[in-house]
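Q: Here you go, one structure.
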Amino acid sequence: MNMQVKFTIPIILALLGAGCVSTSTLVEERLDIGTGVTVTHATAPIMLYHDNSAYAAHARDYVYLGPVEINRMGDYSYYLWLGIWSTISDEDRSLQRDGFESITLFVDGEPLQLELVGWTLESIGVSEPVYVKPVASAADAYYRVTIDQIRLIANAREIELHAGTAPVRVYLMWDRQGSAHASMREFVDRGLYGTTALNQP
Amino acid sequence: MISISTSTRLAAAIVTLSFFLFTAGALAGPGFIAETQVTRGSVYAEVGIRFRCGVQYLGHDPSAASDVLRIRLETTSVCTGAAPSIADIRELIRPMSADDASIESIEYDGESPGNKTLRINFSKTTRFDVRPGPDGNTLLVRVFVEPAAESGASADGAASTRLQRRPVVPGPDYVINLESWQRPPATADMPKIELPADKRVFISAAEIDGTTWYRVRVGNYASAEEAARALAELRARYPGAWIDRADSAIESRVADVPVAAAVEQPVPAAASDETTAKAQELMDDARRAMTVGELSRAVQIYTKVLQMPPNEHQPDAQEFLALARERNGQIAHAKAEYQRYLEVYPDEEGAERVEQRLAALLATAGARAPNAGTGTAAPVRGGSSLTDGWSIRTFLSQYYRRDVNQVNDQEEIVSQSSVYSDVSLDARRRGERFDFSARLTAGYRSNLMEDERPSSGNDLRLSYAYADLADARTGLRGRIGRQTRNTGGVLGRFDGLNLTYALNDRLRFEAVAGRPVYSTARDPDDSRAFQGISTTFAPFDNNLDFGLFYLEQEIDGLTDRQAVGAELRYFGDNQSLWSIVDYDVEFEELGSLFVQGSWRLPANFTVTGVVDRRRSPFLSLGNALVGQQLESFEELRLFFTEEEIRQFALDRSAATTTFTFGLSRPFSPKLSMNFNASLSSIDATPESGGVAATPDSEYSYYSADVVASSLFTEGDVGILGFRYAVSGTTDVYSTTIDTRFPIGRGWRISPRLRVDYREINTDQSTQWIYTPGLRVQYRIGRRARCELQTGKQFSTREMAKSDQDRESWFVNLGYQLFF
C-alpha cells in the first residue's frame, strides 16, 4: 500500500506538471511534414461516454470527438476524429471498434449519419497524429464531414452518439465541457471568418 | 413484470408538463376551429381558418365560384390543447369582419368519419380559391372581390393612400406578383417559366414604409379568375405568389421610383465573353474583400455580378452573397439568399452544399441564442430569427440474442433467447427565450424461452423520462425526471431535479437533488436520497476546466455518502490531463481518485498513463449490507449500532488500485503500434459482522497491437494483437486477428479470430480456446441499418485425469431506425 502511494504521488505530479506547464490555444494549425498539407484542429475534443455502471460505478467507455481541417494547396476537406477508449480492461481491444464503421450523431436531436473513412492516418492523408491519444490503446477513427456539420456540433447543447446495432451502444456527452465547446467554436469561426469556408469543394 | 410505478408517475408528470407547454401559445376556444381571420385586400380577401388539430386539405367544390363552398378535409391526431376527438364535432361560427369576404357563416361537420367538411356560406355568388396553410393546421381561402365593390378606398390604410393618386388605366386589370426583392433583381433572378404569348414577365417597384420593393410580376390578366387559374399553376414554384391589381404596379412609375431601367425590362440575352471576363474580375475582387473581412463591400460586388447578363459566375456569386451576409450577421438575408440559390440553381453542383448551409443556419439560429445549458452558447450575432417549430425524433431498435453452450458432446443448453426492443422519443422546441426538450427512452426484453427462473423473465427498462427547460434571458436551466449525470458527485442515473445557473460560458453553478436509480428495470432506491451543489469554471487556461462539488446522500435517515471533490480537465497542444477526486468526509476516506494523462513526445511517440484508485463498491454506508443475510438496510439497523454499520461498510468496500502505462506511435500513415502494461491490485478485506474475510489479489497484463490499413483492398484494416495476462491463478497468452472490409457504400464485413492459451495454476491444467467470429453491418438508406454478429468458441482443457471440451456460440441480429 505504501509502495503504491509512493508510486502514485510522483506520477500524478508529473502528469499535472505535464498538463499545466503551457498556456494553450483553442485551435492548432501545423504543417504535416510528410505530406505537405496544413492541418488545423481544435485543441480540446468533446468527450462522450457510455455508462457501464452495471459493471462498476466508474466503468465507462469513452469517445473523444474533434474536428480536423486538411488544406491541400487551397483544397479543403473536413473530418471528425474519434478517439475510442475504455476504462474497462477488455481482453480484446479490437472489440472497442465494433459499430463505429457507421455511426449516427444526434446533435440536439438532429441525426447526422457519418461513414467511416478509415482507422489510420492514411485515410485523411497525413503522416502525423492530429490529436493526442487519451490512452495508448485508444482507436482512432476518421469520418468525413462538412464545415456545416461541424458548426452544428459546435453549437449543440446535447450530442449523442449511436454505434452498432445489435445492440446499439449509446454515448452521451460528458457534463460541463466549456473548453471543448470554446475550442470547437473557435475552429468553426476560423472557417467562417477566415478563408477556409470560401474554398470548400 | 417488475413494477415501475414511480417511474410511470414521473413520466405522467412530464407528459402533463409537456402538455401545458404545448398549449401555452394556443388560443382559448371551445370548438375545433381555433381561430379565423379575414384580411381584406384590393383584389381579394384572405380568410385564414386555423384548427386545433392538423388538417389535410383533400379538395373543394365547386371549383371556382358559388355562394356555397364545401371543403373536404382529413384531420390528424396532432392536436394543440385538445384531444383528437375534438375533430369529430359539428360547429357553426361567423368570423369577425365576415362581411369583408361576403361570408355569412362557416360550418364544420366532423361527425362523419372520412367525410369531414368545412362549408362556407357566402352572401352572394363569389369567386374563390382554397389552399392549405403553411403549418399543417390552417386553411387559406381567397375570396375575390368584385372590382365594382372596391371603387374608392381599400381597407388597408397604406394602400388607400397610394391608390388615391392612382390614375385610371384601361385594359387588363390583374397581375401575379411572383416575388419581391429589396434589391433590383438580377438576370439570374428572372423566372424561367413558359408563358402564353400575350403574357410577359416584368419588374415594378413600390415603396412601402420607406423601403423600396422590386417586384417580379407576370401579367396582365383580364380578370381575377383568370389570374387565379394562372396562380394555381405558378404556385408550385412560387408558393408566396399573390395577385395584384395591374394599376398598383403602374403606380410605382407614377411615384417616380428611380428604377426605370428595371421596370418592364425584357429577360436579357446570354452574356458575351466580355461580360464573363468582367464577372471574373468582380468575383476576384469580391473574394479579396471576403478574405480581408470587408463583408459589406463583398455583398455589393456579388450583387453586381448577379445584376449582370447571365454568366457562369452567377451561381457562385449567389452562394457567396449568402455567405457574406451570413458572416456579416445578416442571418435573415443570408437565409433568403441561400433559398434563392436553391430556387434558381437547383441543379448546380453547389446545391447540396447550399442546402447543408441553409439547414445549419436554420438549426443553429436557436442554438446561437445565449443558453443556460451545457456551456455551448455561441456568441449571438445580429438579430437572428429563431425557428419556432417542434422537432420530434423517434429512434427504434430491436435485436435478437441467442446464446448456446455445450460440454463434452452433451445436449446443447440454450442460456438465452431474447428480443430486446428499445424506443426513444425526443421532442424539442426552440424559442426566442425558452428552449424546451423532453425525452422518453424505454426498452423491453422479451424472453422467448420457456424458462421459469425469475431472472430470465421479460422486463421493462426506463432509461430516460425527463423534461428540460432553459431560459436564455436568465441563464437558468432545469431538468426534471429520470436522467443521468456524471459530475458533481452524482454516480449516473437518478430520478430528480437538476438546476443550472450559467453566469457565462465558462462559469456555472448547479444544484441537484433526487434518488439514485441503480437499475433501469426497477424503481429508484426509496431508502436513499441525495442533494448536492457544484460549480465549474475555467480559471487559468483556455483549455482547462475545473469543477468543485459537494454532495450528501442519506439512507434511512443516516448519512450514506458525504462527498467533496474536484474535476480537472486539460487539453494542451501536446498534452492532455483528466482527473477526478472524490473524498468522503463522513468516512474520512478517499472514495476515488482517477488521473489520466497523455503526452506527445518528439518523433510522434505518445506516452499515456492512468492511475485509478477507488473503493469497490463505491464507498457508502449501504455497503454494510454486502454479504449479510438481511434484505434491507432498515433490518440491519435493528441488529447493529451505527458505528458498527459504518465499520462494516468500510470493511466491505475493498480498495482497488490500477496503474496503466502505454506507448503509441504511428510508423507510417498506414501502420501504427501501441503497447500497454497494467497492474491492478485489490486489497484484502477483514472478517466482520459475520461476513468472511477476503484475501488480496493482483492482476496484470502486457499487450501490443499493430493496426495496418489498406492491406488487401482500399479502406480495409487489419489489427493484430498480442497479450499476456497473469493473475494468482492463471497465466493467459492471447493472439487476436481482427479484419474489417468495406464493400460498396453500405456493407461492412469484419471477420476475426482469437486464440488463447491458458495455464491454470490451481490444478496445473492447460487450456486452448479458439474464438472465430463474424460481424456484418449494412446501412439501408439514411435512416436505417442492420447488423449481424455471430461467433463460436471451442475450448479444450487438458487436466491430469481427463480432458474437457466445451463449445458455445451466439448470434445477435438487429436493426435500428430513426425518423
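First to last, the protein sequences are chains F and S.
In terms of this note's numbering, the first sequence opens at residue 1 and continues consecutively.
In terms of this note's numbering, the second sequence opens at residue 1001 and continues consecutively.
Every residue gets a Cβ at the ideal spot worked out from N, C-alpha and C, and that includes glycine.
May I have the straight-line CA-CA distance separating S/Ala1566 from S/Gly1773, to the nearest angstrom?
A: Taking the first residue of the second sequence as position 1, residue 1566 of chain S is located at position 566. Taking the first residue of the second sequence as position 1, residue 1773 of chain S is located at position 773. Going by the C-alpha atoms only, they are around 43 Å apart.
Q: Just the Cα atoms here: how many angstroms apart are S/Val1732 and S/Leu1544?
A: Residue 1732 of chain S sits at position 732 when you count from the first residue of the second sequence. Residue 1544 of chain S sits at position 544 when you count from the first residue of the second sequence. Between S/Val1732 and S/Leu1544, the C-alpha separation is close to 41 Å.
Q: So S/Gly1514 and S/Gly1496 are supposed to be a Cβ contact under 8 Å. How far apart are they, rounded?
A: Position 514 of the second sequence holds residue 1514 of chain S. Position 496 of the second sequence holds residue 1496 of chain S. Yes, they are in contact, since the Cβ atoms of S/Gly1514 and S/Gly1496 sit about 2 Å apart, within 8 Å.
Q: Quick one: residues in its chain with C-beta nearer than 7 Å to the C-beta of S/Tyr1518, no 5 flanking neighbours on either side, listed in chain order?
A: What you label residue 1518 of chain S is simply residue 518 of the second sequence in a count that begins at 1. Result list for S/Tyr1518: Asp1525, in chain order.
Q: Alpha helix (DSSP H) containing S/Arg1325: first to last residue?
A: Counting from 1 along the second sequence, the entry for residue 1325 of chain S is found at position 325. Element bounds for S/Arg1325: Gln1314 to Arg1327.
Q: Just checking my contact of S/Phe1633 with S/Asp1705 at CB under 8 Å: how many whole Å lie between their CB atoms?
A: The count along the second sequence starts at 1 and reaches residue 1633 of chain S at position 633. The count along the second sequence starts at 1 and reaches residue 1705 of chain S at position 705. In fact, because the Cβ distance is near 45 Å, the residues do not count as touching under 8 Å.
Q: Examine chain F for any beta-carbon lying closer than 8 Å to the beta-carbon of S/Glu1294, and answer yes or no.
A: Here residue 1294 of chain S refers to the residue found at position 294 when the second sequence is read from its first residue. S/Glu1294 does not count as touching chain F.
Q: Can you name, in chain order, every residue of its own chain whose Cβ lies under 7 Å from the Cβ of S/His1313, other than the five neighbours on each side?
A: Here residue 1313 of chain S refers to the residue found at position 313 when the second sequence is read from its first residue. Ala1279, Gln1280, Met1283 and Val1305.
Q: Between S/Gln1804 and the rest of its own chain, which residues show a CB-CB distance below 6 Å, the 5 nearest in sequence each way excluded?
A: Reading the second sequence from its first residue, position 804 is the one you call residue 1804 of chain S. Correct list, in chain order: Arg1797.
Q: Between the C-alpha atoms of S/Gly1443 and F/Trp85, what's the straight-line distance to the nearest angstrom?
A: In the second sequence, residue 1443 of chain S corresponds to position 443, counting from 1. In the first sequence, residue 85 of chain F corresponds to position 85, counting from 1. Their backbone Cα atoms lie some 26 Å apart in a straight line.
Q: Are the C-beta of S/Lys1304 and some C-beta of chain F separated by less than 8 Å?
A: Counting from 1 along the second sequence, the entry for residue 1304 of chain S is found at position 304. Output row for S/Lys1304: interface = no.
Q: Please report how far the alpha carbon of S/Ala1232 lies from the alpha carbon of S/Ser1063, in whole angstroms.
A: Position 232 of the second sequence holds residue 1232 of chain S. Position 63 of the second sequence holds residue 1063 of chain S. One C-alpha to the other measures close to 12 Å.
Q: Can you pull out the residues from the stretch 1775-1793 of chain S whose beta carbon lies closer than 8 Å to at least one beta carbon of chain F?
A: Correct list: Arg1775, Gln1777, Arg1779, Arg1782, Arg1783, Arg1785, Cys1786, Glu1787, Leu1788 and Gln1789.
Q: Name the residue from S/Ala1087, S/Glu1635 and S/Ala1098 whose alpha carbon lies nearest to the alpha carbon of S/Lys1116.
A: By 1-based counting over the second sequence, the position of residue 1116 of chain S is 116. The residue with the shortest Cα to Cα distance from S/Lys1116 is S/Ala1087.
Q: Let me confirm a value: S/Tyr1770 is counted as buried when at least 16 other C-beta atoms fall within 10 Å, else exposed. Which label applies?
A: Against the second sequence, residue 1770 of chain S aligns to sequence position 770. Exposed, since its Cβ has fewer than 16 Cβ neighbours within 10 Å.
Q: Pick helix, strand or coil for F/Pro111, following the three-state DSSP scheme.
A: Your numbering for residue 111 of chain F matches position 111 in the first sequence. Three-state result, F/Pro111: strand.
Q: When DSSP labels each residue in this structure, what does S/Ser1180 get in the three-state scheme?
A: On the second sequence, position 180 is the one that residue 1180 of chain S refers to. S/Ser1180 falls in the strand class under three-state DSSP.
Q: Just checking my contact of F/Ala136 with S/Gly1627 at CB under 8 Å: how many whole Å lie between their CB atoms?
A: Translated into positions along the first sequence, residue 136 of chain F becomes position 136. Translated into positions along the second sequence, residue 1627 of chain S becomes position 627. In fact, because the Cβ distance is near 38 Å, the residues do not count as touching under 8 Å.
Q: Once the 5 residues before and after S/Gln1416 are set aside, which same chain residues still bring their CB inside 7 Å of it?
A: The sequence position of residue 1416 of chain S within the second sequence is 416, counting from 1. Excluding sequence neighbours, S/Gln1416 sits near Arg1401, Arg1402 and Asp1403.
Q: Residues of chain F with CB closer than 7 Å to the CB of S/Phe1675, please, in chain order.
A: Counted from its first residue, the second sequence places residue 1675 of chain S at position 675. Per Cβ cutoff of 7 Å: Ala136.
Q: Output, in chain order, the set of chain S residues within a Cβ distance shorter than 8 Å of F/Thr214.
A: Nothing about residue 214 of chain F can be read from this structure; chain F reaches only from 1 to 201.
Q: Give me the subset of the stretch 1670-1695 of chain S whose CB atoms are less than 9 Å from a CB atom of chain F, sorted by chain position.
A: Within the stretch 1670-1695 of chain S, the residues whose Cβ lies closer than 9 Å to some Cβ of chain F are Lys1670, Leu1671, Ser1672, Asn1674, Phe1675, Asn1676, Ser1678, Ser1680, Ser1681 and Asp1683, listed in chain order.
Q: According to DSSP, simplified to helix, strand and coil, what is S/Thr1075?
A: The residue labelled residue 1075 of chain S in the question sits at position 75 within the second sequence. Three-state result, S/Thr1075: strand.
Q: Would S/Tyr1420 pass as an interface residue toward chain F - the criterion being a Cβ-Cβ separation below 8 Å?
A: Position 420 of the second sequence, counted from the first residue, corresponds to residue 1420 of chain S. True, the Cβ-Cβ gap to chain F drops below 8 Å.
Q: Sort F/Leu26, F/Thr38 and F/Glu28 by Cα distance to F/Val126 and report the nearest one.
A: Here residue 126 of chain F refers to the residue found at position 126 of the first sequence. Closest option to F/Val126, Cα to Cα, is F/Thr38.
Q: Just the C-alpha distance for S/Ala1205 and S/Ala1359, rounded to the nearest angstrom, thanks.
A: Looking up residue 1205 of chain S in the second sequence gives position 205. Looking up residue 1359 of chain S in the second sequence gives position 359. Going from the Cα of S/Ala1205 to the Cα of S/Ala1359 covers about 31 Å.
Q: If you check the beta carbons only, do F/Ile159 and F/Val68 fall under 8 Å apart?
A: Counting from 1 along the first sequence, the entry for residue 159 of chain F is found at position 159. Counting from 1 along the first sequence, the entry for residue 68 of chain F is found at position 68. The answer is no: Cβ separation not under 8 Å.
Q: Assuming F/Thr43 contacts S/Asp1573 under a Cβ cut-off of 8 Å, what Cβ separation, rounded to an integer in Å, is found between them?
A: In the first sequence, the residue the question calls residue 43 of chain F occupies position 43. In the second sequence, the residue the question calls residue 1573 of chain S occupies position 573. Yes, they are in contact, since the Cβ atoms of F/Thr43 and S/Asp1573 sit about 6 Å apart, within 8 Å.
Q: Measure the C-alpha to C-alpha separation of S/Ala1684 and S/Ser1592 and round it to an integer number of angstroms.
A: Translated into the one-based positions of the second sequence, residue 1684 of chain S becomes position 684. Translated into the one-based positions of the second sequence, residue 1592 of chain S becomes position 592. Cα-Cα distance, rounded: 17 Å.
Q: Can you tell which of S/Ile1120, S/Phe1549, S/Thr1608 and S/Asp1756 has the C-alpha that lies nearest to the C-alpha of S/Gln1793?
A: Working through the second sequence from its first residue, we reach residue 1793 of chain S at position 793. For the residues S/Ile1120, S/Phe1549, S/Thr1608 and S/Asp1756, the minimum Cα distance to S/Gln1793 belongs to S/Asp1756.
Q: Establish whether the CB of F/Gln96 and some CB of chain S are separated by less than 8 Å.
A: Along the first sequence, read from residue 1 onward, the residue named residue 96 of chain F stands at position 96. False, the Cβ-Cβ gap to chain S never drops below 8 Å.
Q: Between S/Asp1716, S/Ile1760 and S/Thr1729, which lies nearest to S/Thr1739 when the distance is taken from Cα to Cα?
A: Along the second sequence, read from residue 1 onward, the residue named residue 1739 of chain S stands at position 739. That would be S/Asp1716, whose Cα lies nearest to the Cα of S/Thr1739.
Q: Quick one: complete beta strand (DSSP E) runs, 3+ long, within the stretch 1543-1602 of chain S?
A: Runs found: 1544-1555, 1558-1571, 1575-1584 and 1589-1600.
Q: Mind checking who S/Ala1708 pairs with in its DSSP beta bridge?
A: Here residue 1708 of chain S refers to the residue found at position 708 when the second sequence is read from its first residue. Partner(s): S/Leu1671 and S/Gly1718.
Q: In whole angstroms, what separates the C-alpha of S/Phe1810 from that of S/Arg1748?
A: On the second sequence, position 810 is the one that residue 1810 of chain S refers to. On the second sequence, position 748 is the one that residue 1748 of chain S refers to. Taking the straight line from one Cα to the other gives about 20 Å.
Q: Quick test of the definition: if touching needs 3 or more C-beta pairs under 8 Å, does the stretch 1673-1683 of chain S touch the stretch 1647-1663 of chain S?
A: With the cut-off at 8 Å, the stretch 1673-1683 of chain S and the stretch 1647-1663 of chain S touch.
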